[in-house]
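Residue numbers are given in numbering that gives the first Met the number 0: position 193 of the sequence shown equals residue 192, and the series is strictly consecutive. Below: the structure, in structure tokens.
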Amino acid sequence: MVSPTKLKSVDFYSLLLWIVVKKIPRDLTEASFSGAGLSIVAALVMMLLFGMELSSYLEVTTTTAVVVDMSSDGDFLRIDFNISFPALSCEFASLDVSDALGTNRLNITKTVRKFPIDPHLKTTGGEFHSGLASHHINHGEEIKQEFPDGAIQLTNGGFESLSHHFPLLIVNFNAPWCYWSNRLKPSWEKAATIIKQRYDPDTDGRVLLGSVDCTEEPALCRRNHIQGYPSIRIFRKGSELKEDHGHHEHESYYGDRDTESIVKMVDELVVPIHPETHKLALDWGVSNDTAKLLKKAPVTGGCRVEGYVRVKKVKPSELQEKMVFLAAENRYL
């Protein structure tokens, strides 16, 4: 139980008055219960105000501004944009533009450019060109047969040595929980078995097909900027000759994922490599169709999307209605 003496000791007002105006005798500034009560109330109010100010400071607010181009040069307005994503690969970054109702989508592919960036938003390479966006990927018929001698399971420890030993190391980065990874697995294992019989790793040694479980080897997948499953990457021996800003270049395969297409792709990549010397011939020998399915993989995990879009100018009456709507929407943010 709190004693009266201790309760009176929290009378901050009498103590402060005695400290500031020392000429007043100490007995005239004696603490009282009412002073202690006021001091406690004042302390609680100050704590409440401090909490409210801190909450207001930490609160995230959204502000919307509308800038109108009043020039008379045509009916269209050019809107430039430059967006940086430190943790989104250009391989999976895309931009869609639609009207306010979402019923009319605009094709701005020709006016959009993507560049790989590092976590510090610095450009790490040239423009990234995506694969065939309109290409429908064929996974082939369902394969129920198992191939135990198919693709080799790669780990973080042995990946570097194998990538420098074989002129071609083609890897399927996957995740067991991914539906599309499970769709690819039978075709990939069958293709790996065919390639192993056709180009024996011990006697021929030009190509090796492997798989990486990204749930078991997360560090290896992060190092190769794998952000989507499955991702088929092609590592060429001697890629250090094509370093770009300190990163090794490799390619991504965007073609069909049935067994026949995978085997055809590997065959065309192996043909230019001499079996004895394992050196690449001057003539790569890759067909134009296969070359279109191989794209340079991003060297970092970020992406900067820049470009412009031309939109029709809004009439003043419609603009006023939209500004009122935006103001009302911003009010409730």
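For each residue, glycine too, the CB sits at the ideal point set by N, CA and C.
Quick one: residues in its chain with C-beta nearer than 8 Å to the C-beta of A280, no 5 flanking neighbours on either side, listed in chain order? The residue given as residue 280 occupies position 281 in the sequence shown. Here the model assigns A280 a pLDDT of 45, short of 50, so the residue's position is not dependable and the matter cannot be decided.
Figure out for me which residue from L168, E140, H163 has the closest Cα to the Cα of A150. Here residue 150 is taken as the residue at index 151 of the sequence shown, counted from 1. Checked all of L168, E140, H163; the closest Cα to A150 is L168.
According to the Cβ coordinates, are L183 and N173 closer than 8 Å? Here residue 183 refers to the residue found at position 184 when the sequence shown is read from its first residue. Here residue 173 refers to the residue found at position 174 when the sequence shown is read from its first residue. Their beta carbons are under 8 Å apart, which means L183 touches N173 by this criterion.
So, is V206 buried or exposed, given that buried needs 16 or more other C-beta atoms within 10 angstroms? On the sequence shown, residue 206 is found 207 positions in, with the first residue counted as 1. Buried.
Please look up how many angstroms separate the CB atoms of V265 and A92, rounded, as I've assumed it's under 8 Å. As a first step, residue 265 must be located in the sequence shown, where it is residue number 266. As a first step, residue 92 must be located in the sequence shown, where it is residue number 93. Contact between V265 and A92 is absent: CB atoms are separated by about 28 Å, not below the 8 Å threshold.
Using C-beta distances below 6 Å, list every residue in its chain close to N81, excluding the 5 sequence neighbours before and after it, in chain order. Within the sequence shown, residue 81 is the residue found at index 82, counting from 1. Within the same chain, and ignoring the five residues on either side of N81 in sequence, the residues whose Cβ sits closer than 6 Å to its Cβ are E305.
Sorted by chain position, which residues of the same chain lie with C-beta nearer than 7 Å to T110's C-beta, five sequence neighbours on each side aside? Position 111 of the sequence shown, counting from 1, holds the residue named residue 110. Cβ neighbours of T110 beyond the five flanking positions: G306, Y307, V308.
I need the straight-line Cα distance from F127 to C302, nearest angstrom please. Start at 1 with the first residue of the sequence shown, and residue 127 comes out as number 128. Start at 1 with the first residue of the sequence shown, and residue 302 comes out as number 303. Roughly 9 Å between the two C-alpha positions.
In the DSSP assignment, the alpha helix (DSSP H) including L219 goes from what residue to what residue? Reading the sequence shown from its first residue, position 220 is the one you call residue 219. Per DSSP, L219 belongs to the alpha helix (DSSP H) from 217-222.
Taking W187 as the reference, which of G300, L53, D95, N171 has the closest Cα? Stepping through the sequence shown from its first residue, residue 187 is reached at position 188. The shortest C-alpha separation from W187 is found at N171.
Out of Q152, I78, G204, which one is the CA nearest neighbour of R235? In the sequence shown, the residue the question calls residue 235 occupies position 236. Nearest option by C-alpha distance: G204.
Since L336 is in the alpha helix (DSSP H), which residue starts that stretch and which ends it? The structure shown does not extend to residue 336, since the chain spans only 0 to 332, so no value can be given for it.
What is the DSSP secondary structure of I107, counted as helix, strand or coil? As a working note, residue 107 is residue 108 in the sequence shown. Three-state result, I107: coil.
What separation, rounded to the nearest whole angstrom, lies between the Cα atoms of W283 and E267? Reading the sequence shown from its first residue, position 284 is the one you call residue 283. Reading the sequence shown from its first residue, position 268 is the one you call residue 267. Per-residue confidence for W283 stands at a pLDDT of 45, beneath the threshold of 50, marking its modelled position as unreliable; no derived number is given.
In the DSSP output, which residue or residues are listed as bridge partners for Q152? As a first step, residue 152 is located in the sequence shown; it is residue number 153 there, counting from the start. Paired residue(s): S210.
Taking its Cβ as the centre, do 16 or more other Cβ atoms sit within 10 Å of S260, making it buried, or is it exposed? Numbered from 1 along the sequence shown, position 261 holds the residue referred to as residue 260. Burial call: buried.
Kindly indicate which three-state DSSP category T62 falls into: helix, strand or coil? The count along the sequence shown starts at 1 and reaches residue 62 at position 63. Three-state result, T62: coil.
Where A35 falls, given that 16 or more other Cβ within 10 Å makes a residue buried: For this step, residue 35 is matched to residue 36 along the sequence shown. Classification of A35: buried, given that the 10 Å Cβ count is 16 or more.
Can you tell me which of the three DSSP states R256 falls into? The count along the sequence shown starts at 1 and reaches residue 256 at position 257. Looking at R256 - three-state DSSP - the assignment turns out to be coil, as it is neither helix nor strand.
Put K113 into one of helix, strand or coil per three-state DSSP. The residue labelled residue 113 in the question sits at position 114 within the sequence shown. Here K113 sits in strand by DSSP.
Please report the distance separating the alpha-carbon of I39 from that of T60. Numbered from 1 along the sequence shown, position 40 holds the residue referred to as residue 39. Numbered from 1 along the sequence shown, position 61 holds the residue referred to as residue 60. Taking the CA atoms as reference points, I39 sits about 34 Å from T60.
What residues in its chain sit with their C-beta under 6 Å from that of P85, if we drop five residues either side in the sequence? As a first step, residue 85 must be located in the sequence shown, where it is residue number 86. P118, G301, listed in sequence order.
Using 8 Å for Cβ pairs, my map puts S219 next to N155. What's the rounded Cβ distance? Here residue 219 refers to the residue found at position 220 of the sequence shown. Here residue 155 refers to the residue found at position 156 of the sequence shown. Just to set this straight, residue 219 is Leu in the shown sequence, not Ser. That belief holds up - the Cβ atoms of L219 and N155 are roughly 4 Å apart, short of 8 Å.
Using only alpha-carbon positions, find the residue among A64, Q152, L208, Y253 that is nearest to E216. Residue numbering aside, residue 216 sits at position 217 when the sequence shown is read from its first letter. Per the Cα distances, Q152.
Spatial neighbours of I194 within its chain, please: CB distance less than 6 Å, with the 5 preceding and 5 following residues excluded, ordered by chain position. As a first step, residue 194 must be located in the sequence shown, where it is residue number 195. Cβ neighbours of I194 beyond the five flanking positions: L208, V265.
With DSSP run on the structure shown, which of helix, strand or coil describes V170? The count along the sequence shown starts at 1 and reaches residue 170 at position 171. Of the three classes helix, strand and coil, the one that applies to V170 here is strand, per DSSP.
If you drop the 5 nearest sequence neighbours on each side, which residues of the same chain put their C-beta closer than 7 Å to that of V310? In the sequence shown, the residue the question calls residue 310 occupies position 311. F75, L76, I78, listed in sequence order.
Whole-angstrom distance between K121 and W179, CA atom to CA atom: In the sequence shown, counting from the first residue as 1, residue 179 sits at position 180. In the sequence shown, counting from the first residue as 1, residue 121 sits at position 122. If you take the alpha carbons of W179 and K121, they lie about 33 Å apart.
Contact defined as beta carbons within less than 8 Å: I believe S55 pairs with H224. What is the distance between those atoms, to the nearest angstrom? Mapped onto the sequence shown, residue 55 falls at position 56. Mapped onto the sequence shown, residue 224 falls at position 225. The Cβ separation is near 40 Å, so there is no contact.
So, under 8 Å CB-CB, D257 and N137 are touching, yes? Tell me the CB distance rounded to an integer number of Å. In the sequence shown, the residue the question calls residue 257 occupies position 258. In the sequence shown, the residue the question calls residue 137 occupies position 138. With a Cβ gap of about 5 Å, D257 and N137 count as contacting.
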